[in-house]
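Asks: Attaching a single structure in structure tokens format; questions to follow.
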Amino acid sequence: MADIPNFSTDLTGQTALVTGATSGLGYRFAQVLAACGANVAIAGRRAERLDALAAELRGNGGNVLPVPLDVTNTDALFTAVGQVQNELGPIQILVNNAGKPDAQLALNMDPAFVDEMVATNLTSLFHLASEVTRRLKEAKLPGRIVNISSGAAFSAGVGTSWYAITKTAVVRMTEMLALEFAKYDVNVNCIAPGAFESEMMDGMLERMGDITHGFPRKRLGKPSQLDGTLLYLVSPSSDFVTGATIRVHDAQGAR
Numbered sequence: 001m002a003d004i005p006n007f008s009t010d011l012t013g014q015t016a017l018v019t020g021a022t023s024g025l026g027y028r029f030a031q032v033l034a035a036c037g038a039n040v041a042i043a044g045r046r047a048e049r050l051d052a053l054a055a056e057l058r059g060n061g062g063n064v065l066p067v068p069l070d071v072t073n074t075d076a077l078f079t080a081v082g083q084v085q086n087e088l089g090p091i092q093i094l095v096n097n098a099g100k101p102d103a104q105l106a107l108n109m110d111p112a113f114v115d116e117m118v119a120t121n122l123t124s125l126f127h128l129a130s131e132v133t134r135r136l137k138e139a140k141l142p143g144r145i146v147n148i149s150s151g152a153a154f155s156a157g158v159g160t161s162w163y164a165i166t167k168t169a170v171v172r173m174t175e176m177l178a179l180e181f182a183k184y185d186v187n188v189n190c191i192a193p194g195a196f197e198s199e200m201m202d203g204m205l206e207r208m209g210d211i212t213h214g215f216p217r218k219r220l221g222k223p224s225q226l227d228g229t230l231l232y233l234v235s236p237s238s239d240f241v242t243g244a245t246i247r248v249h250d251a252q253g254a255r
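Take the sequence shown: its position 4, counted from the start at 1, is 4 in our numbering, and no numbers get skipped.
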């Protein structure tokens with residue numbers, strides 16, 4: 001039967017925006033969405049990395065738009081959404097992946113760094129989700145928003161307090177926006193990855209040392225192990241799922 005199972009990875013004709021796409025999980029998310037047929041806008045601060053990823057995706061037949069973007073610049077966020085819509089069509093899939101880590105004790109944190117983390121890890125996600133939904137409402141189109149939180153939102157850790165606080169706020173923001181945007185047929189969900197191999201994780205490990213000795217399976221996750229979760233949340237199968245946070249953490253921490 002053609003409608004069994006109710007699952008498809010065909011994203012042909014849909015436009016996706018992935019922030020923080022120049023490395024790590026965002027890089028993989030962009031690859032996966034493009035491989036499934038979406039028109040993908042890739043956003044990040046490092047133009048040379050964007051160009052390299054764009055060349056790779058185009059070489060594999062993808063339709064991609066690189067968008068240099070500093071997510072702490074609020075005006076640039078709104079400009080980017082407009083640019084993507086003008087060049088690729090309305091954004092129906094938003095992956096709010098941009099993030100900034102910390103590995104500092106609260107008493108040692110510079111106030112400017114505190115503000116930058118909030119702007120990167122929380123405020124930018126809110127502005128992008130709101131602007132994308134505003135435009136989908138006007139176009140009367142459905143949408144999927146996937147916010148990226150962290151396992152740090154659910155577990156204790158020394159020296160990562162502000163990061164954990166911002167990522168916990170992302171979980172709550174997901175729940176609240178899901179309630180508000182449901183009437184516009186826009187689903188808002190969240191992925192909370194544990195410790196995964198990435199450039200960001202490399203930097204944290206340099207400052208904190210090996211953290212895998214405390215994990216039951218003594219390993220970090222691979223970005224490809226998030227493919228299924230991402231595709232579920234942007235597929236028809238998750239039509240009745242909104243406001244949810246899916247923890248993908250390999251039992252690295254209990255809560």
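We treat Cβ as the ideally placed atom computed from N, Cα and C, and that holds for glycine.
The alpha helix (DSSP H) with leucine 65 in it runs from where to where?
Replies: Leucine 65 -> not in any alpha helix (DSSP H); beta strand (DSSP E) instead, spanning 63–68.
Asks: Pull up the distance between the alpha-carbon of asparagine 73 and that of alanine 129, whole angstroms please.
Replies: Each residue's Cα considered, the two are about 15 Å apart.
Asks: According to DSSP, is phenylalanine 181 part of a helix, a strand, or is it coil?
Replies: DSSP places phenylalanine 181 in helix when its eight states are reduced to three.
Asks: Given a cut-off of 9 Å on the beta-carbon distance, is the pair alanine 80 and valine 67 in contact?
Replies: Going by C-beta atoms, alanine 80 is nearer than 9 Å to valine 67.
Asks: With DSSP run on the structure shown, which of helix, strand or coil describes asparagine 73?
Replies: Three-state result, asparagine 73: coil.
Asks: Would you call the stretch 82–102 and the stretch 138–150 touching, i.e. three or more CB-CB distances under 8 Å?
Replies: The stretch 82–102 is in contact with the stretch 138–150.
Asks: Just to confirm the assignment, what range does the beta strand (DSSP E) spanning glycine 243 have?
Replies: No beta strand (DSSP E) holds glycine 243; DSSP gives it neither H nor E.
Asks: Looking at the strands, I want to know which residues DSSP matches up with isoleucine 42.
Replies: In DSSP, isoleucine 42 forms a bridge with Val18 and Pro66.
Asks: When we look at the beta-carbon of methionine 189 and count the other beta-carbons within 10 Å, is it buried (16 or more) or exposed?
Replies: What sits at residue 189 in the sequence shown is asparagine, not methionine. Buried, since its Cβ has 16 or more Cβ neighbours within 10 Å.
Asks: Take the Cβ of alanine 106 as the centre, count every other Cβ of all protein chains shown within 10 Å, and call the residue buried at 16 or more, exposed below.
Replies: By the 10 Å Cβ count, alanine 106 comes out exposed.
Asks: Put leucine 165 into one of helix, strand or coil per three-state DSSP.
Replies: The sequence shown places isoleucine at residue 165, rather than the leucine named in the question. Helix at isoleucine 165.
Asks: Compute the distance between the beta-carbons of leucine 77 and valine 71, then report whether it is under 9 Å.
Replies: Yes. Within cutoff.
Asks: Look at the Cβ atom of alanine 164, then the Cβ atom of serine 150, and state whether they are nearer than 9 Å.
Replies: Their beta carbons are under 9 Å apart, which means alanine 164 touches serine 150 by this criterion.
Asks: Quick check on the burial criterion: 16 or more other C-beta atoms within 10 angstroms. Buried or exposed for proline 236?
Replies: Under this definition proline 236 is an exposed residue.
Asks: Could you tell me how far apart the beta carbons of arginine 58 and threonine 22 are, in whole angstroms, since I believe they sit closer than 8 Å?
Replies: About 16 Å separates the two Cβ atoms, so there is no contact after all.
Asks: Would you list the residues sitting across from proline 193 in a DSSP beta bridge?
Replies: DSSP lists Val248 as partners of proline 193.
Asks: In the DSSP assignment, what are the bridge partners of glycine 221?
Replies: Answer by DSSP bridge pairing, in chain order: Phe196.
Asks: Which residue or residues does DSSP assign as beta-bridge partners of leucine 94?
Replies: Bridge partners of leucine 94: Leu17 and Ile145.
Asks: With a CB to CB cut of under 7 Å and the five nearest residues on each side skipped, what residues in its chain are close to leucine 177?
Replies: Cβ within range, chain order: Ala129 and Val188.
Asks: Measuring straight from C-alpha to C-alpha, what distance separates serine 161 and glutamine 104?
Replies: If I take the Cα positions, the gap works out to 8 Å.
Asks: If contacts are defined as beta-carbon pairs under 8 Å, then glycine 26 and asparagine 97 qualify, I think. What distance do you get, rounded to the angstrom?
Replies: Sure, about 4 Å apart at Cβ, within 8 Å.
Asks: Would you grab the beta carbon distance between alanine 153 and alanine 192 for me? Rounded to a whole angstrom, and I think it's under 8 Å.
Replies: So it is a contact: roughly 6 Å between Cβ atoms.
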